[in-house]
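Quick note: the first sequence uses full-length UniProt numbering, first residue 1, plus one each step.
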Amino acid sequence: MCGRTAQGLAPAQIRQQLDKTLPSKPSDSWIGEEKYRTSYNVAPTRYQPVVRADSKTNNYVVHMMKWGLIPRHIKAMPDYNSVLKSINARDDSLFMGPTGKAMFSHSKNHKRCILLAEGFYEWRRRGKERTPFYTKRRDGGLMLMAAIYDVAQIQGAEEPMYTYATITTNASPQLDWLHDRMPVLIPNHDHEKICMWLDPNLSWNSTLEAMLKPCDEFMEVEETDDSTPGGKSIKKVYALETYQVDEKVNSVRNDSPDFVKPWISSSNKKTLNRFFISKGDSGSSPAAPTSLKADFKPEDHSSTEQVILKNDNTGSIIPKREEAEEIKKEAVDRTQQQVPVSADDAQRDAGFQEQESKSPKREQEDDDDGELRKVLELSRQEDADYEPSATPLETTPSVLSSPRRVSGGSACLRVDSEGSVDLLEKRRKELQQEDEEMKKEHPDETSKSSETEEQEKKEQEELEKAIAASLNGAEGASESIYHSQQSVGSTTPKKDAPPSPTMTPMKRKPMGSSAAASPKKGKSSQDSKITSFFQQANST
DNA sequence: CCAGACGTTGTT
DNA sequence: GTCTGG
DNA sequence: CCAGACGTTGTT
DNA sequence: GTCTGG
1 MCGRTAQGLA PAQIRQQLDK TLPSKPSDSW IGEEKYRTSY NVAPTRYQPV VRADSKTNNY
61 VVHMMKWGLI PRHIKAMPDY NSVLKSINAR DDSLFMGPTG KAMFSHSKNH KRCILLAEGF
121 YEWRRRGKER TPFYTKRRDG GLMLMAAIYD VAQIQGAEEP MYTYATITTN ASPQLDWLHD
181 RMPVLIPNHD HEKICMWLDP NLSWNSTLEA MLKPCDEFME VEETDDSTPG GKSIKKVYAL
241 ETYQVDEKVN SVRNDSPDFV KPWISSSNKK TLNRFFISKG DSGSSPAAPT SLKADFKPED
301 HSSTEQVILK NDNTGSIIPK REEAEEIKKE AVDRTQQQVP VSADDAQRDA GFQEQESKSP
361 KREQEDDDDG ELRKVLELSR QEDADYEPSA TPLETTPSVL SSPRRVSGGS ACLRVDSEGS
421 VDLLEKRRKE LQQEDEEMKK EHPDETSKSS ETEEQEKKEQ EELEKAIAAS LNGAEGASES
481 IYHSQQSVGS TTPKKDAPPS PTMTPMKRKP MGSSAAASPK KGKSSQDSKI TSFFQQANST
């Protein structure tokens, strides 16, 4: 996960954002600034700006580092695969549990840093199909991705090599439709946490450990209440928004500001259309976020809902009927010509084009908008009784509360008490047993056909959620958390925290005692590669 | 003491 | 480098 | 992370 | 399939 990021800000803009974000003003020095290139398609092995503490100047510095952690004791250039495998560090690898890991110990104690990204890409997988989605902060602020770095003296290289790895954790309930992992984010306005994370003299402790959880940040937005004309209220929405983007982002050779803008795929158009034809709705439509209470003004960075829904400060994010046509049209136009929609965007786009002027032109969108126009035409007719769908996602909470989702769980991995692994193991066995019993009692439900059916249904729900996210930013996702109040990943540092019933499926076994119980897979070839990774160092 | 491991993701 | 296992 | 390449010998 | 390149 999290193998691609975006950072389209100019250095001056990054500095400006940083001033707002860091507890103290960072030093003006930006190590390796000449390596910086704005890019909306940042892949592993590329240099990116991270913030770290500089113990010499006792200040924060921005430092261009290479994505893919190479530990300090590596002396020879590691092979390609090894580097690739170190672009992320799992949060549970950092815990000092019964099976503490050696590899990251130096970094986690003394070399924590923050990657300065604007957002990250994630590919949603459905079978062999991969669809890129982009996730960014709703307020357009910097996305502070928790990371660790290290300095390696590679034989033959003149300069010491600064490399980093972002830390991953379980996906939040708002994002787990997309993927089961996500980067650990540090809340932009929590100076204390930022300060602690960057403190090189602060060794690993429970407070730091508690930061390693899925993003559960919400931000307040003002909404106008249609049922009470003129009335305004404060609503909390998830701090991140996610939407589908252009598949051109797949290839790292491509780069464009368009990659971080919403993109409606033709396969989604049909489903999209259903939202607009949604019928049988009351007049109580959810309102739009009109102004953000956070420090970042919406006009600082293009905000998706403004872009797509042409938010006009009068309130409703759900378009009035006549507006709906224009919105849909605009969506078409965007997929077709991808016009910059705000002055800020235009400015940024211009800057980007200037920077990338010599890069080959990407081919014009070959979209079959004719088909979409037909669909829209159709919708216009069927649309006589168009009413905005209050919550297109009303059907989706079942996804979150589905029993299947409950099986497994890894949250208690972050608990470092003795016996936590046993607890986990126990819980896991319980769940497995439940699964077995389910199969016995309802063999039909577990039969392949109905399973496939269920899968398809789930996928459809997810698709709708994805599209809703595409249209409404995090609006839809935030809706779902109201229904499942428990925040999945917000594990307390408490030692005996029981597994949460809403935990996401466990994809990985705990290491150590329990892992020893199951026979290891035959991956000797890989082992030898791993070994070579670490031995290259010591051999010289 | 020395030897050996040390990573992630995606598959199903 | 640093931790575990023998 | 995804896309794209993936070979040798002998000749000038 | 597997490896490298970006």
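Built from N, CA and C at the ideal position, the CB exists for glycine as well.
In three-state terms, what does DSSP make of residue i?
{"i": "residue 35", "result": "helix"}
{"i": "residue 95", "result": "coil"}
{"i": "residue 63", "result": "strand"}
{"i": "residue 19", "result": "helix"}
{"i": "residue 53", "result": "strand"}
{"i": "residue 201", "result": "coil"}
{"i": "residue 176", "result": "coil"}
{"i": "residue 132", "result": "strand"}
{"i": "residue 187", "result": "coil"}
{"i": "residue 113", "result": "strand"}
{"i": "residue 182", "result": "strand"}
{"i": "residue 259", "result": "helix"}
{"i": "residue 81", "result": "helix"}
{"i": "residue 89", "result": "strand"}
{"i": "residue 43", "result": "coil"}
{"i": "residue 192", "result": "helix"}
{"i": "residue 12", "result": "helix"}
Go ahead and label residue i buried or exposed: buried means 16 or more other beta carbons lie within 10 angstroms of its beta carbon, across all protein chains shown.
{"i": "residue 52", "result": "buried"}
{"i": "residue 58", "result": "exposed"}
{"i": "residue 153", "result": "exposed"}
{"i": "residue 228", "result": "exposed"}
{"i": "residue 207", "result": "exposed"}
{"i": "residue 49", "result": "buried"}
{"i": "residue 157", "result": "exposed"}
{"i": "residue 107", "result": "buried"}
{"i": "residue 170", "result": "buried"}
{"i": "residue 102", "result": "exposed"}
{"i": "residue 12", "result": "exposed"}
{"i": "residue 513", "result": "Its pLDDT being 31, under 50, residue 513 is placed unreliably in this model, and the coordinates cannot settle the point."}
{"i": "residue 137", "result": "buried"}
{"i": "residue 56", "result": "exposed"}
{"i": "residue 160", "result": "exposed"}
{"i": "residue 269", "result": "buried"}
{"i": "residue 34", "result": "exposed"}
In its own chain, which residues sit with a C-beta less than 8 Å from the C-beta of residue i, not counting the 5 before and 5 after it?
{"i": "residue 26", "result": "15, 18, 19, 51, 59, 60, 61, 62"}
{"i": "residue 231", "result": "224, 225"}
{"i": "residue 517", "result": "Confidence at residue 517 is low in this model, with a pLDDT of 29, below 50, so the placement of that residue should be treated as unreliable; the coordinate-derived value is given next. Around residue 517: no qualifying Cβ."}
{"i": "residue 168", "result": "1, 2, 88, 89, 90, 91, 181, 182, 183, 184"}
{"i": "residue 191", "result": "22, 23"}
{"i": "residue 130", "result": "123, 124, 250"}
{"i": "residue 198", "result": "51, 52, 53, 60, 112, 113, 114"}
Could you pull out every residue in the same chain whose Cβ sits closer than 6 Å to the Cβ of residue i, ignoring the five residues on either side in sequence?
{"i": "residue 68", "result": "44, 45, 83, 86, 87, 163"}
{"i": "residue 32", "result": "64"}
{"i": "residue 9", "result": "none"}
{"i": "residue 6", "result": "40, 118, 119, 260"}
Who are the near neighbours of residue i in its chain, counting only those whose CB is closer than 7 Å to its CB and skipping five residues on each side?
{"i": "residue 250", "result": "132"}
{"i": "residue 4", "result": "41, 42, 43, 120, 121"}
{"i": "residue 247", "result": "132"}
{"i": "residue 195", "result": "23"}
{"i": "residue 193", "result": "186, 187, 211"}
Within 7 Å: the Cβ of residue i and any heavy atom of the ligand SAM?
{"i": "residue 136", "result": "The ligand SAM is absent from the structure shown, which contains no ligand whatsoever."}
Quiz item: Given 8 Å as the limit, is there contact between the region 215-222 and the region 230-249, that is, 3 or more CB pairs closer than that?
Solution: yes
Quiz item: Counting Cβ pairs, one atom from each stretch, are 3 or more of them under 8 Å apart for the region 168-188 and the region 199-219?
Solution: yes
Quiz item: Can we say the region 186-198 touches the region 25-43, given the rule of at least three CB pairs closer than 8 Å?
Solution: no
Quiz item: Does the pairing of the region 107-125 with the region 81-88 give three or more beta-carbon distances under 8 Å?
Solution: no
Exercise. Ignoring anything shorter than 4 residues or poking outside the region 200-248, list the alpha helix (DSSP H) runs there in chain order.
Key: 206-211
Exercise. Could you tell me whether the region 252-267 touches the region 146-166, using the rule of 3 or more Cβ pairs below 8 Å?
Key: no
Self-check item: Inside the region 142-173 only - beta strand (DSSP E) runs reaching at least 3 residues
Solution: 143-152, 161-170
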